[in-house]
Amino acid sequence: MKAQRRREYTEEDVILVQDEYRKQNISIKDKQARLILNTWVDAEAFGKRYLEAVEAYHQAFFAEDAQRIQPKLKTAIEQAKDLARESTVD
């Protein structure tokens, strides 16, 4: 899309986005098309914000839990290794 190269969009781009959605039987308002285009014309900034959000989500919901279960995971791995050594394959 030319808007991304220009790093700005026109009213024609808004209509183009709406037309593309219409082809999928989806109707979007000007405001929604503009939000899509704002993301598109500044994809790098959007990507950085999105990465920050995903990292914050991971930190809040997974990092703490990973530390909590790490000892159990290590124990389970050692037990699996022991079982593998004891097993014979015929």
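Per our numbering, residue 161 is the first one in the sequence shown, and the count goes up by one each step. Backbone N, C-alpha and C define an ideal beta-carbon position, used for all residues, glycine too.
| query | result |
| --- | --- |
| Cβ neighbour criterion (16 or more within 10 Å) applied to residue 217 | exposed |
| Inter-residue spacing [alpha-carbon to alpha-carbon] between residue 196 and residue 186 | 14 Å |
| Validate contact between the region 173-189 and the region 212-231 using beta carbons, cut 8 Å, 3 pairs | no |
| Residue 209 in three-state terms, based on DSSP | helix |
| Residue 189 in three-state terms, based on DSSP | coil |
| 6 Å Cβ shell around residue 167 - same chain, five flanking residues per side excluded | 201 |
| Backbone secondary structure at residue 168 - three-state DSSP | coil |
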